[in-house]
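Number of protein chains: 2
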Amino acid sequence: MAEKKEIEEGAEFRPKFNEDGLLPAIAQDAETNEILMVAYMNLRSLEMTLSCGLATYYSRSRKKVWQKGEQSGHTQKVEQVLVDCDQDCLLVKVKVDAGQCHVGYNSCFYREIQKDGSLKLVAEKVYDPGKTYKK
Amino acid sequence: MAEKKEIEEGAEFRPKFNEDGLLPAIAQDAETNEILMVAYMNLRSLEMTLSCGLATYYSRSRKKVWQKGEQSGHTQKVEQVLVDCDQDCLLVKVKVDAGQCHVGYNSCFYREIQKDGSLKLVAEKVYDPGKTYKK
């Protein structure tokens with residue numbers, strides 16, 4: 049039992065990166081518990097997140113490490129980084145002071161999927177991305 | 049601008065499944081906003097989730113659709129399914145009445161990653177998985 053407990057709950061961090069060396073990472077507002085976004089981290093970006101205290105991800109499209117907010121200024125100050133039971137997903141609790149979705153919403157999850165498959169807008173924009181992101 | 053708005057916020061659901069036909073899906077407690085778990089959905093399990101009102105996922109290890117709680121009884125009653133800006137991740141807000149992690153915790157995110165890379169237990173078990181899951 050002791051051995052089983054160690055396997056399940058052990059203090060050793062053994063992240064199970066996917067074939068691209070990445071883990072999905074959920075950013076959650078530490079104050080409101082709202083889910084802000086989901087991005088990916090490689091080992092380097094996770095290490096930077098832990099050491100610098102600002103959430104840093106790996107962009108699959110640009111194939112590079114990026115600190116959230118490096119362009120927009122809408123950074124994420126890290127309060128806590130958690131890992132799930134399977135060690136294949138991260139949860140990053142962050143403090144923010146500006147909208148986190150590049151489309152202009154506080155959260156990337158601003159649309160609800162209806163039973164008929166259509167999408168319903170369930171949030172309001174909190175900033176103008178046209179003024180925040182350079183073309 | 050109207051066209052851009054439509055692309056960004058349009059009512060059409062165009063999920064971007066990964067190469068395995070899956071999307072990560074975050075289960076969030078609709079009452080407390082706690083993140084309970086992250087699993088994957090294929091189109092079939094998403095359709096079942098929307099139509100049946102019980103969160104249904106696709107098991108990558110067992111290669112089959114599974115309804116959360118089919119073995120443990122710890123089901124997830126779906127309140128809302130949201131999709132993110134890129135349409136490559138789902139957020140499922142659920143009502144639950146039992147621990148959701150198969151290890152015995154309320155949430156799968158029961159361990160915090162410390163700066164030195166070790167893990168710290170930050171939750172307490174809410175049920176005995178040995179009694180809930182058959183060997």
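Those sequence lines, one after another, are chains A and B. All you need for this note's numbering is the position in the first sequence, starting with 1, plus 48. All you need for this note's numbering is the position in the second sequence, starting with 1, plus 48. For each residue, glycine too, the CB sits at the ideal point set by N, CA and C. Just so you know, these numbers come straight off a predicted model, no measurement behind them.
My guess is that A:Leu130 and B:Ile74 are in contact by the Cβ rule of under 8 Å, so how many angstroms apart are they, rounded?
-> Incorrect: roughly 13 Å between the Cβ atoms, too far for contact.
For this session: Report the option in A:Ser166, A:Arg92, A:Val140, A:Gly152 whose CA atom is closest to the CA atom of A:Lys173.
Result: Closest by alpha carbon: A:Gly152.
Legend entry - Selection from B:Lys163, B:Gly121, B:Arg108, B:Gln148 that minimises the alpha carbon distance to B:Asp68: It is B:Arg108.
- In chain A, which residues lie with their C-beta within 7 Å of the C-beta of B:Ala59? Chain A residues near B:Ala59: Ser166, Leu167.
| Should the segment 109-116 of chain A be called in touch with the segment 127-141 of chain A, which here means at least 3 C-beta pairs below 8 Å? | Taking 8 Å as the limit for Cβ pairs, the verdict is that the segment 127-141 of chain A does not touch the segment 109-116 of chain A.
Have a look at A:Thr97 and A:Ala103 and give me their C-alpha separation to the nearest angstrom.
Those two C-alpha atoms are separated by around 5 Å.
Contacts of B:Glu160 in chain A (Cβ-Cβ under 9 Å):
Residues of chain A with a Cβ closer than 9 Å to the Cβ of B:Glu160 are, in chain order, Gln128, Val129, Leu130, Val131.
Inset, instruction - Go ahead and pull the three-state DSSP assignment for A:Pro72. - result: The answer is strand: DSSP assigns A:Pro72 an E or B state.
* Measuring only between beta-carbons, confirm whether A:Phe157 sits less than 8 Å from chain B. => Interface flag for A:Phe157 against chain B is set, since a Cβ pair is found closer than 8 Å.
Next item on the list: At 9 Å on the CB atoms, spell out the chain B contacts of A:Met96, in chain order.
Entry: Result: empty, since nearest Cβ-Cβ is about 12 Å, beyond 9 Å.
Over what stretch of residues does the alpha helix (DSSP H) that includes B:Tyr159 continue unbroken?
A quick correction: the sequence has Arg, not Tyr, at residue 159 of chain B. From DSSP, B:Arg159 is part of no alpha helix (DSSP H) but of the beta strand (DSSP E) over 159-161.
**Study point:** Per-residue burial, B:Asn154 [other beta carbons within 10 Å of its own, 16 or more giving buried]
**Key:** That one is buried.
(request) Given a cut-off of 8 Å, decide if B:Lys116 and B:Gly101 are closer than it, judged by their beta-carbon atoms. (result) Against a cut-off of 8 Å, the Cβ pair of B:Lys116 and B:Gly101 comes out as no contact.
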